[in-house]
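Peer 1: Let me give you the structure first, and then I'll get to my questions.
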Amino acid sequence: MSGMAQGLFASLLTGTIVRTLGQQLLRLGDNAFFQFMVKAGDFACDPHVVGAAMAVGIGYAMQVPALVLFSLAAVGSAANVVGGAGGPLAVLVIAIIAAETGCLVSKKTKVDILVTPLVTILAGALLTVLTAKYIGIAAAAVGQFLVWSTKLHPFWMGMIVAMVAGMALTLPISSAAICAAFGLTGLAGGAALAGCCAQMVGFAVMSFRENRWGGIISQGLGTSMLQMPNIIRNPRIWIPPILSSLIAGPVATCIFKLEMNGAAVSSGMGTCGLVGQIGVITGWFEPSEAALAHGAAAMSPAAVDWIGLILVSFVLPAVLCWIFSLILRKTGWIREGDLKLE
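Here the sequence shown is numbered in the working numbering, starting from 1462 and rising by one per residue.
Structure representation (C-alpha cells):
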C-alpha cells in the first residue's frame, strides 16, 4: 500500500498541484510557461498514467523482477480506467495478483523476455476484464457511504474517520492509499486529514524533549510511523494522538466544515510535506473528479476557511497532544525516553 501511495504521489497528487498552480497563475496573465504547467499536470493526472504509476509502485515495493515490474504498467493502466471511481483499489488487488503470477514464470525459460511480460499482462488483463469494474463499484460505494454518513452525522463520523485514518497513518500501512481507494473527499476527507495531522503533529510535539527539532521535522513533515517501535514497547504513548484525533475530527467537520476536495489521496497525507493542506487549497479552486462526483464545487475561501485549516492541521493537534502527554507523563504512563527515535 505504501508503494501504491508513492505511485499516486508521483502522478495524480503532483500533477494536481502543478495543474492547479498553473491555472491560478494564468489568472494573473496569459503566459506560455503557465500553460505548460497546466498541460504537464494534465499529463500526470491522466487515469492511464496514474494507474501505471500505482502498479509500478506496488511492484517495486514487492521487489518483483524487472520484466514483471515493467509489465505492471499496462496492467495498472487498464485496471484504473476500468475500475472507474474505485480504480485505485482495483489496481491494488489486480497488480498484486498479476505480479505474483508473473513471478511464477520469471527466469524459468530461455525466452524470459517474451514469457514473463506475456503472462503478467494476460493475467492482469483477464483479472481486469473479470473483476475491475466490480471492485471499483464496491470501493466507490464504500466511499460514498462514508461521505454521506459524515454529512448526516458529522460529529460521530468525524470522530470515527479521524481516529481510523490517523491510526492507519501511524501503522505500517498507508492511510493515503486507503483514502485514495475509497475516494474519501468532502467532510469525510476533512476528518481524515484532521486525524492524520493529530498523529503527525501530535507525536512531533509530545516527543520534543526527546527528539528536539529533528523530531519535529521528521515526524511533523515526514511520518509518525517512526514511532511504531516505541508504540510496540509502550502502547500508552499512542493515547494522546488518538484522543487528539477524536477531538480534532468533530472540530473539523462540525465547527469549520473543513472539506478535502482535492485529490482523495491527500486526505490521508496529514502534514507530510504539507500535501494534505495543499490538497485542501487546490480543492477550493479546482475540485477533483471524486469530489465533484460527491457534489463538491469550486469556491473562494474566506478567512474562516484559512483559520480552520491552520487550527485543525497544526494548532489543535499540538496543544491537545502536549496537554494529554503531560498528564500521562505525570501519571507515569509515559516515561522519559519512551518517545525517543532510534
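Even glycine gets a Cβ: it sits at the ideal position worked out from N, Cα and C.
Using alpha carbons as the reference points, say which of Cys1733, Ala1522, Asp1503 and Val1726 lies closest to Phe1643.
Peer 2: Start at 1 with the first residue of the sequence shown, and residue 1643 comes out as number 182. Checked all of Cys1733, Ala1522, Asp1503 and Val1726; the closest Cα to Phe1643 is Val1726.
Peer 1: According to DSSP, is Met1760 part of a helix, a strand, or is it coil?
Peer 2: In the sequence shown, counting from the first residue as 1, residue 1760 sits at position 299. In the structure shown, Met1760 sits in coil (DSSP, three-state: anything other than H, G, I, E or B).
Peer 1: So, is Asn1691 buried or exposed, given that buried needs 16 or more other C-beta atoms within 10 angstroms?
Peer 2: Along the sequence shown, one-based indexing puts residue 1691 at 230. Under this definition Asn1691 is a buried residue.
Peer 1: For the 8 Å Cβ check, are there 3 or more pairs between the region 1668-1676 and the region 1716-1736?
Peer 2: Touching, no.
Peer 1: Specify whether the region 1659-1673 and the region 1698-1709 touch according to this definition: at least 3 beta carbon pairs, one from each stretch, less than 8 Å apart.
Peer 2: Segments in contact, yes.
Peer 1: Looking only at its chain, what residues have a beta carbon closer than 7 Å to the beta carbon of Gly1734, apart from the 5 residues adjacent to it on each side?
Peer 2: Taking the sequence shown and counting its residues from 1, one reaches residue 1734 at position 273. Cβ within range, chain order: Leu1682.
Peer 1: Express the C-alpha separation of Ala1534 and Thr1581 in angstroms, rounding to a whole number.
Peer 2: Taking the first residue of the sequence shown as position 1, residue 1581 is located at position 120. Taking the first residue of the sequence shown as position 1, residue 1534 is located at position 73. Taking the straight line from one Cα to the other gives about 10 Å.
Peer 1: At which residues does the alpha helix (DSSP H) containing Trp1783 begin and terminate?
Peer 2: Working through the sequence shown from its first residue, we reach residue 1783 at position 322. Note, Trp1783: alpha helix (DSSP H), Leu1777 to Thr1792.
Peer 1: Name the two residues that bound the continuous alpha helix (DSSP H) containing Glu1561.
Peer 2: What you label residue 1561 is simply residue 100 of the sequence shown in a count that begins at 1. That run of the alpha helix (DSSP H) goes Gly1548 to Val1566.
Peer 1: Would you identify the three-state DSSP class for Met1721, choosing helix, strand or coil?
Peer 2: Mapped onto the sequence shown, residue 1721 falls at position 260. It is a strand residue.
Peer 1: Tell me whether Gly1798 is buried or exposed, calling it buried when 16 or more other Cβ atoms sit within 10 Å of its Cβ.
Peer 2: Residue 1798 sits at position 337 when you count from the first residue of the sequence shown. It is exposed - the Cβ of Gly1798 has fewer than 16 other Cβ atoms within 10 Å.
Peer 1: How long is the line joining the alpha carbons of Cys1506 and Ala1560, rounded to whole angstroms?
Peer 2: Here residue 1506 refers to the residue found at position 45 of the sequence shown. Here residue 1560 refers to the residue found at position 99 of the sequence shown. If I take the Cα positions, the gap works out to 24 Å.
Peer 1: In the structure shown, what three-state DSSP assignment does Val1525 receive?
Peer 2: Translated into positions along the sequence shown, residue 1525 becomes position 64. Val1525 falls in the coil class under three-state DSSP.
Peer 1: Quick check: Val1625 and Ala1649, are their CB atoms within less than 7 Å of each other?
Peer 2: The residue you call residue 1625 lines up with position 164 of the sequence shown. The residue you call residue 1649 lines up with position 188 of the sequence shown. No, the Cβ-Cβ distance between Val1625 and Ala1649 is not below 7 Å.
Peer 1: Could you tell me whether the region 1542-1550 touches the region 1566-1578, where touching means 3 or more Cβ pairs closer than 8 Å?
Peer 2: Flag = no, the region 1542-1550 and the region 1566-1578 do not touch.
Peer 1: May I ask which residues mark the beginning and end of the alpha helix (DSSP H) holding Leu1487?
Peer 2: Indexing the sequence shown from 1 puts residue 1487 at position 26. Run containing Leu1487: Thr1475 to Leu1487, per the alpha helix (DSSP H) assignment.
Peer 1: Buried or exposed: where does Asn1541 fall if 16 or more other Cβ atoms within 10 Å of its Cβ makes it buried?
Peer 2: Here the question's residue 1541 lines up with position 80 in the sequence shown. Classification of Asn1541: buried, given that the 10 Å Cβ count is 16 or more.
Peer 1: Can you tell me whether Arg1480 is buried or exposed? The criterion is at least 16 other CB atoms within 10 Å of its CB, across all chains shown.
Peer 2: For this step, residue 1480 is matched to residue 19 along the sequence shown. Looking at its Cβ environment, which holds 16 or more other Cβ atoms inside 10 Å, Arg1480 is buried.
Peer 1: Less than 7 Å between the beta carbons of Ile1739 and Ile1478, yes or no?
Peer 2: The sequence position of residue 1739 within the sequence shown is 278, counting from 1. The sequence position of residue 1478 within the sequence shown is 17, counting from 1. Yes. Within cutoff.
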